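Undergrad: Next up is a structure, given as structure tokens.
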Amino acid sequence: MQRVFADPGSPWAAPRFAEAAAGVRRLLPAFGDRVTFTRFLAPEEPEGAWRAYYERWPFARQPPHAPLWRLTDEFAARAGDVVDAATFGKWTPELAERVGPDGRLVLAGVSTDCCVLSTTLAAADAGVEVLVAADACAGADDTSHARALHVMDLYRPLIRVTTVAGLVGGES
């Protein structure tokens, strides 16, 4: 829930960020201190194929403390636990330890078709049950969002695409 995806002037703005934020806001009370926010950060020196990526997106070559990488004010105030990674996927050893080997990971955020998808697939490969709150996610555009959700849902029962109501209200 970073500013780089919330700011309409950002090249990486998610057009439905506000809707995703509303879904995340509804999920937070249900998970309390188990919530972990993640942030995508540019590496100090890109390596391999990341060099070409940052040639395409030079605006993103900013240090970890740059304003674009901060969580939006609303979520920064609620972020007790934050995992940073210079990769799309946030299934890091830190997050894996937090979830545990027999845990369940509930994912929400942006961008559905990038960081959410990458994290979901890696966690599922590690044997973790993953639930994706579709209405608490936003993609680069509606089509990409829908396609990413479809791909993730193909991995049932490892991954299940659901809704905020399905997670906090008993539906699925």
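Just so you know, we're using this note's numbering here: the sequence shown kicks off at 160 and counts up by one.
Yeah, the Cβ is synthetic: ideal placement off N, Cα and C, and Gly gets one too.
Quantities reported herein were computed from a predicted structural model and do not represent experimental measurements.
Pull up the DSSP beta-bridge partners for T197, would you.
TA: V242, per the DSSP bridge assignment.
Undergrad: Do L227 and S169 have their C-beta atoms within less than 8 Å of each other?
TA: Going by C-beta atoms, L227 is nearer than 8 Å to S169.
Undergrad: Please say whether F234 and C274 have beta carbons closer to each other than 8 Å?
TA: The answer is no: Cβ separation not under 8 Å.
Undergrad: Assuming W209 contacts P202 under a Cβ cut-off of 8 Å, what Cβ separation, rounded to an integer in Å, is found between them?
TA: Between P202 and W209 the Cβ distance is about 7 Å, and since that is below 8 Å, they are a contact.
Undergrad: Using the C-alpha atoms, what's the distance from L308 back to R162?
TA: If I take the Cα positions, the gap works out to 23 Å.
Undergrad: Quick one: what's got a C-beta closer than 6 Å to V289's C-beta in the same chain, skipping five residues either side?
TA: Same-chain partners within the cutoff: L264, T279, A282, A283 and I318.
Undergrad: Could you pull the DSSP bridge partners for E288 from this structure?
TA: According to DSSP, which records beta bridges pairwise, E288 is partnered with R263.
Undergrad: Under a three-way DSSP split, which group does D294 fall into?
TA: It is a strand residue.
Undergrad: Go ahead and label R237 buried or exposed: buried means 16 or more other beta carbons lie within 10 angstroms of its beta carbon, across all protein chains shown.
TA: Exposed, by the Cβ-count rule.
Undergrad: Tell me the DSSP secondary structure of R175 in three-state form.
TA: Coil at R175, not helix or strand.
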